[in-house]
Each structure stands twice: as structure tokens, then as C-alpha cells.
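Taking the numbering used here, I'd label the letters of the sequence shown as residues 31 to 146. Even for Gly, the Cβ is constructed at its ideal location relative to N, Cα and C.
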Amino acid sequence: VQLQASGGGLVQAGGSLRLSCAASGSFFNLNVMGWSRQAPGKQRELVAAISRGGIAKYADAVSGRFTISRDNAKNTVYLQMNGLKPEDTAVYYCNAGPTYVTTPYWGQGTLVTVSS
């Protein structure tokens, strides 16, 4: 399984960005797809995840501002990020696997920088 993420960039606080992640290879074990992030000097943290059936989970820090969605036909997951804050600055990673806690497949990171 390969995951290809895109959509990062520089945005001002309050702005929006949309991240995309397309999966290729075997899709049998990709029940859950999601996004994690790692800010400088901090541990990687889960941002959002969504099951093949559309059940989404969010970190408290992004709930109400970020929306995760998924196109199963395209094996692609999206992260719409609105109301961005400087503390959202991080490298965002796409990940996928059979469950919310078991996501062995990871894409390369895409940098999101939010200026104040």
C-alpha cells in the first residue's frame, strides 16, 4: 500500500486548506484512513480518522474546524481545514489500516504552516 499526500502550504491564521491522500496498491486492509500531525518538538498526534462506512473521529483540538471525508471509489481521504490557527502548524501525515488504532500504512508528510 502506498499513500500519496498533497495539499499543504502556507496560509494566514483564519484561512483554509484542503489536504488529499490517495491510496494505491491493495485496499483490502484500508478500513480506516486518517491524518496525524507532528509539530516541531512535539510528538505525533492523531488529527482525524474515518472508516470506510463514514464514521469519523476527531481530536478535540480540531473538532468543529476540520472535516475529514473519504471517496471509497477513489481510495482517497480528504481533510478540510478551516479556521486555521498558528498552533495547527505541523507536518501532516496520511495513515491507513484495518482499525482506528491499527494504521500501519503511512504516507509522506505534507507541511502546513499557519502564520499569525
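With fewer than three CB-CB distances shorter than 8 Å, the region 70-87 does not count as touching the region 49-56. Pairing THR143 with LEU40 gives a Cβ-Cβ distance under 8 Å.
Between SER145 and GLN34, the CB-CB gap reaches or exceeds 8 Å.
ASP101 carries a strand assignment under DSSP once its states are collapsed to helix, strand and coil. Of all alpha-carbon atoms in VAL92, ASN125, SER66 and LEU76, the one lying nearest the alpha-carbon of LEU60 is that of ASN125. For LEU40, the beta-bridge partners assigned by DSSP are THR143.
In this chain, the beta strand (DSSP E) harbouring TYR108 covers 106-111. Only residues of its own chain outside the window of five on either side were considered, and among them VAL144 have a CB closer than 6 Å to the CB of ASP118, listed in chain order.
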